[in-house]
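Engineer: In full-length UniProt numbering, the protein residues as written are 1 to 120.
For glycine and all other residues, C-beta sits at the position ideal for the given N, C-alpha and C.
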Amino acid sequence: MTRILVVDDSPTELHVIKTMLGKHGYEVSTASSGEDGMAKARETLPDLILMDVVMPGLNGFQATRQLSQDAATAKIPVIVVTTKDQETDRVWAMRQGARDYIVKPVKEKDLLERLKDILP
1 MTRILVVDDS
11 PTELHVIKTM
21 LGKHGYEVST
31 ASSGEDGMAK
41 ARETLPDLIL
51 MDVVMPGLNG
61 FQATRQLSQD
71 AATAKIPVIV
81 VTTKDQETDR
91 VWAMRQGARD
101 YIVKPVKEKD
111 LLERLKDILP
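(1) Just curious, the beta strand (DSSP E) that M51 is in, first and last residue?
(2) How big is the Cα-Cα spacing for S32 and P11?
(3) Between the Cα of H24 and those of G34, I4, K40 and E43, spot the shortest distance and give me the residue it belongs to.
(4) Answer yes or no: do G37 and M20 have a C-beta to C-beta separation smaller than 8 Å?
(5) Could you check if E13 is buried or exposed, using at least 16 other CB atoms within 10 Å of its CB as the buried criterion?
(6) Go to A31, then tell me how far its alpha helix (DSSP H) extends in each direction, as first and last residue.
(7) Give me whichever residues DSSP pairs with R3 in a beta bridge.
(8) Would you mind reading off the limits of the alpha helix (DSSP H) that contains V78?
(9) Hey, G34 and G60: beta-carbon distance below 8 Å or not?
Shown next, in the form of structure tokens:
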């Protein structure tokens, strides 16, 4: 079963995305901060990470950069999922190591297509 880690400080977003992915057979774990997300990524080595940007403490850009530079987690693809819809944010996310960028609200069909494009 494909394991996905969802990192978002919004309990509502975590619930919506977890439910969306769960009904399609994905095993979903969650983290509510960038720091927690990094720890869980290193501990569980998920197949993919969905990362929010705007979070207190370590933001999603910083967490993505650290994950992409850590040998243990560098091969885990990260998709940034955020309300930030500026092209500069999209470019910055990719420079930090993100493989894709989705603007909230997340559309189920779009998310599933992106996952199929990235996951083996």
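Structural biologist: Once the coordinates are examined:
(1) L48 to M51
(2) 8 Å
(3) Ranking G34, I4, K40 and E43 by CA distance to the CA of H24 puts I4 first.
(4) no
(5) buried
(6) Looking at the DSSP string, A31 is not in any alpha helix (DSSP H); the run it does join, the beta strand (DSSP E), is E27 to A31.
(7) E27
(8) Element bounds for V78: not the alpha helix (DSSP H) but the beta strand (DSSP E), V78 to T82.
(9) Cβ distance < 8 Å, so G34 and G60 count as in contact.
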